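In full-length UniProt numbering, the protein residues as written are 1 to 436. Read the structure below first, then the notes.
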Amino acid sequence: MSQRKTAVILGAQWGDEGKGKIVDVLSEKFSVVARYAGGHNAGHTVIIKGKKFVLQLIPCGVLRPECKGVIGNGVVFDPMAFLSEVKKLKDAGLKVDGQLFVSNRAQVILPYHRMIELAAETAPGRTKIGTTRRGIGPAYEDKVHRNGLRVVDLLNPALLRTHIKNACDEKNTIAHALFGTEPLDPKGMYEEYSRLAEQVAPFVTDTAVLLNEAIKNGEKVMFEGAQGALLDIDHGTYPFVTSSSATSGGAVTGTGVGPTLIGTVIGVTKAYVTRVGEGPFPTEIHDSSADLLRARGQEYGAVTGRPRRCGWLDLPLLRYSNMINGTEWLVVTKMDVMDECDEIPVCTGYKIDGKLTDVIPADMRGFEAIEPVYTKLKGWKSSTEGITEFDKLPQLAQDYLHFIEKESGAKIGMVSTGPDRDQTITIAGFEEALNS
């Protein structure tokens, strides 16, 4: 880690890598955790002493009483979802007031964003992306169209009323013409969102100033990604991507902290791969091995409950992810899910039109032409669940991790051997880097 006491932690695959648990474990070392992209389409599951918390919008660091949580300007903010999560945390006895902050520059999701996304995803003849239908994409569209509502505007009643009226006039007309949807009522929407604004107001601040001041004062700050690098709007498997910058670069634009203030990048990867929704997946498994991984790994979406597609570890994609993010450290999750595998194929390269390559195609046709090249490793066939020391892992499990480290080009810093906070191995070099 550099002299900067900051780290970006992100998903190295298509999301669902277990970032929630890892952010929670690592947040013990940090005084601030800042979320920089996405919205309540992300679901981070954290299990503490058997008790389950599912956070969709609020950063995982808020589960530690001494850690501040920040929702950055790069996030699209649903006030209703936010306040619902705040209530659940308070009901669980967690301190939120004075610990949780929302950027005054974050874009607001409104009911017409959900209406348009739902209609577009279900319209005949449209390419289905497999979105969560929560209005994320249309909110980002309005942001780029310079026609969005920011949190600071949400708190201005006169501006809010005018914005909702004008937006409903436009969106109702478009949605009815394209999809035949019924119109939304601007008066009712204004009354509801003006009430929500009053409840959100105490959390709102200029989070760019807050974060830069914290770093200037020597505090340790973690930037928490959402989704995964391969869902990034620029670098992911377009068009089957999310609408925001899920890579490490998003931490800069999504919080207002300059790139020279980022100390290290930590990528979280499963010991295998999963994907939710549509899109290319070169190493997807189509036999009973997928059912085994899905059952043992509880591979169902934290937000939607959708079953995840399962596949073997794809090292070309992991190397690509490490490259575009500048990943220094890897965290490998769900090692214990592989405990019953006799043999573990790992994709070490691609064949496209009979030629070996390690280059990730930019287009869908390129992905469809991929023939994965596998190296088959022997399974360890014994339990790794709950092991907290690397040397106590079965030798074949250690060999598997050494192979990933050698082939991916990033150092393994942690290994997760179960869903609970305590079921984690921290490698000595990584511990030293975090403490330095």
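Yeah, the Cβ is synthetic: ideal placement off N, Cα and C, and Gly gets one too. Bear in mind the structure is a predicted one, so any value in this text is a computation, not a measurement.
Residues near residue i by beta carbon distance below 7 Å, same chain, minus five either side
i, result
"N172", "P183 and L184"
"L318", "A12, T269 and S408"
"L100", "I58, V62, G69 and F203"
"P111", "L184 and M189"
"I233", "V241, T242, S243, S244 and S245"
"residue 518", "There is simply no residue 518 to check, as the chain begins at 1 and stops at 436 in what is shown."
"P259", "V252"
"R161", "Y190"
"S27", "V33, C60, G61, R64, C67 and M222"
"G218", "K5"
"P419", "K21 and I47"
Residue interval of the beta strand (DSSP E) (run including residue i)
i, result
"A7", "T6 to G11"
"P394", "Neither: P394 is in no beta strand (DSSP E) and is coded neither H nor E."
"R306", "Here R306 belongs to no beta strand (DSSP E), and DSSP marks it neither H nor E."
"V195", "The identity of residue 195 in the sequence shown is Arg, whereas the question assumes Val. Not the beta strand (DSSP E): R195 falls in the alpha helix (DSSP H), residues P186 to V200."
"M222", "V221 to E224"
"F82", "Per DSSP, F82 belongs to no beta strand (DSSP E); it is in the alpha helix (DSSP H), P79 to D91."
"E278", "Here E278 belongs to no beta strand (DSSP E), and DSSP marks it neither H nor E."
"S103", "L100 to S103"
"V359", "Here V359 belongs to no beta strand (DSSP E), and DSSP marks it neither H nor E."
"T424", "T424 to T426"
"L330", "W329 to T333"
Contacts around residue i, its chain only, beta-carbon distance under 6 Å, and the 5 residues preceding and following it disregarded
i, result
"E328", "T264 and V265"
"K21", "V46"
"I109", "V76, D78, G135 and A139"
"N435", "none"
"residue 520", "The question about residue 520 has no answer here: the residues shown for the chain are numbered 1 through 436."
"P280", "T237 and F367"
"R4", "L261 and G263"
"T357", "Y350"
"I360", "Y320"
"L155", "A197 and A201"
"A397", "W380 and T384"
"K334", "K270, A271 and G297"
"S2", "Low per-residue confidence applies at S2: pLDDT is 46, beneath 50, and the placement is therefore not dependable, though the value from the model is reported in the following sentence. G263, listed in sequence order."
Same chain, Cβ closer than 8 Å to residue i, neighbours up to 5 away in sequence not counted
i, result
"L94", "V62, L63 and P65"
"T348", "L315, P316, V373, Y374, T375 and E407"
"Q395", "W380"
"R421", "K21, D24, V25, V46, I47, I48 and K49"
"A106", "I71, G72, N73, G74, V75, V76, F77, R150 and V151"
Cβ separation of residue i and residue j, assumed to be a contact under 8 Å, to the nearest whole Å
i, j, result
"V415", "V332", "5 Å"
"W14", "R365", "Not a contact, Cβ separation roughly 19 Å."
"S321", "L230", "6 Å"
"E425", "F403", "Reading the sequence as shown, one finds Ile at residue 425 and not Glu. The Cβ separation is near 17 Å, so there is no contact."
"N73", "G311", "About 35 Å; that fails the 8 Å criterion."
"R296", "P307", "Actually they do not touch by this definition, with Cβ atoms about 13 Å apart."
"V32", "C67", "7 Å"
"L211", "A362", "Not confirmed; about 34 Å, so no contact."
"L330", "I412", "5 Å"
Reduced DSSP category for residue i - H, G, I as helix; E, B as strand; rest coil
i, result
"S2", "In this prediction, S2 has a pLDDT of 46, which is less than 50 and means its spatial position is unreliable; nothing more can be read from the coordinates."
"Y350", "strand"
"P419", "coil"
"F30", "coil"
"L230", "helix"
"T260", "helix"
"E371", "strand"
"R114", "helix"
"V96", "coil"
"F240", "coil"
"P282", "coil"
"T162", "helix"
"G379", "coil"
"P183", "coil"
"R64", "coil"
"T274", "strand"
"K19", "helix"
"E431", "helix"
"I48", "strand"
"D314", "strand"
"R133", "coil"
"T269", "strand"
"L149", "coil"
"P157", "helix"
Residue range of the unbroken alpha helix (DSSP H) whose run includes residue i
i, result
"K216", "T207 to K216"
"T253", "G249 to T253"
"G137", "I136 to V144"
"L292", "S288 to G297"
"V337", "Run containing V337: none; DSSP gives neither H nor E here."
CB contact below 9 Å: residue i versus chain B
i, result
"A37", "Within the model displayed, chain B is absent; a lone protein chain is all it includes."
Item checked: Touching by the beta-carbon criterion (3+ pairs, under 8 Å), the region 145-158 and the region 208-228 -> no
Note to self: Below 8 Å, how does it come out for the region 190-206 and the region 237-249: are there three or more Cβ pairs, yes or no?
What the structure shows: no
Note to self: Tell me whether the region 379-397 and the region 335-350 touch, counting them as touching only if at least three CB pairs, one residue from each stretch, are closer than 8 Å.
What the structure shows: With a cut-off of 8 Å, the region 335-350 and the region 379-397 count as touching, because enough Cβ pairs lie within range.
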